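Asker: Take the sequence shown: its position 239, counted from the start at 1, is 242 in my numbering, and no numbers get skipped. Where is the CB? At the ideal position from N, CA and C, for every residue including glycine. These numbers were taken from a predicted model, which means no experiment stands behind them. Quick one: structure below, then a few questions.
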Amino acid sequence: MTYNINEKGYYGEFGGAYIPEMLYPNVEELRLKYLEVMAEPDFQTEFKALLKNYVGRPSPLYFAKRLSEKYNTKIYLKREDLNHTGAHKINNTIGQILMAQRLGKKRIIAETGAGQHGVATATVCALMGLECIVYMGEIDIARQAPNVARMQMLGAKVIPASSGSKTLKDATNEAIRDWINNPVDTHYIIGSVVGPHPYPDMVARFQAIVSEEIKWQLQEQEGNPNPDYVIACVGGGSNAAGAYYHFLEDTNVKLIAVEAAGKGVNSGESAATSSLGKIGIIHGSKTLLMQSKDGQITEPYSISAGLDYPGVGPLHAHLFQSGRAEFIAITDDEAMEAGLELCQLEGIIPAIETAHALAIFKEKPFQPNDIVVLSLSGRGDKDLSTYNNYFNI
């Protein structure tokens, strides 16, 4: 069995491009050209130079000594929080803005939940002098105010999505509507490994720099490029896709995906797609999706603005269904405690998304000699008000 995408845009039975006819020319243009453009030497040279000199890569692979001692295993943190803009999202937006330029697009749209992808998109649009419109749910605008301010300072127009749950799903709906209305000059920078083919594969390839670096960094530090485990939080799943990418076909490397259980998997307020989802179509791809018996999308919930998506990317749906990755759901309370623990053991304030992944160590025992790499996908300054309210700091 393979865990990579096939020539038709599917991971196993998941993926594809289920799109309105109006979007077919845009998506088809991208499908026909994305691999060719990415393979061009001048694209690769510019992409790598920007990752190094603008983003600040490689991001460190940090041995978390005190955390490792507490849980009696070897824990390495891949420090994506140290990237410019504070998360892994910039890796993808740099790649996609270069793609958009080569396709002659002058206007950029994006959706965002936690705001990190919105900030990363606004950043690269400012860098390249392109118009930027970001759609964001009204609830997320309220709970991620620092990132809204950043986007506006960077020159982006932030448009609230006021339908449905007023979060990431609804922002994505609005962005797709915009794209249908502006098909010629607009490129939609999707922030995760979701959407119609080729987006899940393209985003995963741009984020693959994460696992590419993990391999040589582990070789330097442990004399072995392969960890025993790679752990990442999963909403749509882009940081996880990047952290897993170069290990997908090596089944000796175990993959753990951590989802948001919200107030409990079966509480009715959750975003644990692997536990609750059934096969369906959302935002242009066939995947696992939280839905009612008559196929209506169930509103997700998480204290984390980046994990409350009702589906999961088709790669992760395939990893779950095939058993290649173990999926574990973590509640709000467990995540918040794990976030505070990292602050006080290692002096690192993680994004609440990442805190879900960190909570795994209380749930699952590891062996003393296990090498465990966890994707620290973002920093927590955007979440300080949520942390402060939760802990009454």
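#1: So if DSSP puts E49 in a beta bridge, which residue, or which two residues, is it bridged to?
#2: Who are L291's beta bridge partners in DSSP?
#3: Ordered along the chain, which non-local residues of its own chain (more than five positions away) have a Cβ less than 6 Å from that of E302?
#4: Buried or exposed: where does Y202 fall if 16 or more other Cβ atoms within 10 Å of its Cβ makes it buried?
#5: Note down, in chain order, each residue of its chain lying with its Cβ closer than 8 Å to the Cβ of E215, except the 5 sequence neighbours on either side.
#6: Measure the C-alpha to C-alpha separation of Y390 and M339 and round it to an integer number of angstroms.
#7: Buried or exposed: which applies to S295, given that a residue is buried once 16 or more other Cβ atoms fall within 10 Å of its Cβ?
#8: Given a cut-off of 8 Å on the beta-carbon distance, is the pair A1 and G116 in contact?
#9: Verify the CB distance criterion: does A263 have a CB-CB separation below 8 Å to chain B?
#10: Which full runs of the alpha helix (DSSP H) of 4+ residues lie inside the region 84-111, going along the chain?
#11: I'd like the span of the beta strand (DSSP E) that includes I355, first residue to last.
#12: Please report the Cβ distance between A260 and F330, rounded to the nearest whole angstrom; I am assuming they are in contact, meaning their Cβ atoms lie under 8 Å.
#13: So, is W182 buried or exposed, given that buried needs 16 or more other C-beta atoms within 10 angstroms?
#14: What first and last residue would you give for the alpha helix (DSSP H) that runs through E329?
#15: Would you decide whether R146 is buried or exposed? Buried here means 16 or more other CB atoms lie within 10 Å of its CB.
#16: Am I right that L420 and F394 are in contact with their C-beta atoms under 8 Å? What's the rounded C-beta distance?
#17: Expressed to the nearest angstrom, what Euclidean distance is found between the alpha-carbon atoms of R153 and E223?
#18: Shortest alpha-carbon distance to C135 belongs to which of F323, I162 and K55?
#19: G19: which of I212, L221 and H200 sits nearest, CA to CA?
#20: Starting from the Cα of P313, find the closest Cα among K11, I111, G158 and A264 and give me that residue.
#21: Taking the alpha-carbon positions, what's the V213 to G245 distance?
#22: Please state whether the Cβ-Cβ distance between Q210 and N242 is less than 8 Å.
#23: Compare the Cα-Cα distances from T290 to each of R382, L133, G239 and E114 and report the closest residue.
#24: Would you say I111 and T124 are within 8 Å of each other, going by their C-beta atoms?
#25: Rounded to whole angstroms, what's the CA-CA distance from F66 to L377? Just pull it up for me.
#26: Whole angstroms are fine: how far does the CA of M102 sit from the CA of H87?
#27: Nearest-angstrom Cα distance between G118 and E337?
Answerer: Once the coordinates are examined:
#1: Partner(s): none; E49 has no beta bridge.
#2: I282
#3: S168
#4: buried
#5: Y248 and H249
#6: 7 Å
#7: exposed
#8: The first residue shown for the chain is 4 and the last is 396, placing residue 1 beyond what the model contains.
#9: In summary, chain B is missing from the structure at hand, where a single protein chain is found.
#10: 92-105
#11: No beta strand (DSSP E) holds I355; the alpha helix (DSSP H) holding it covers I355 to L361.
#12: 5 Å
#13: buried
#14: Element bounds for E329: not the alpha helix (DSSP H) but the beta strand (DSSP E), A328 to T334.
#15: buried
#16: This structure cannot speak to residue 420, because the chain is shown only from 4 to 396.
#17: 36 Å
#18: I162
#19: H200
#20: A264
#21: 5 Å
#22: yes
#23: G239
#24: yes
#25: 10 Å
#26: 20 Å
#27: 23 Å
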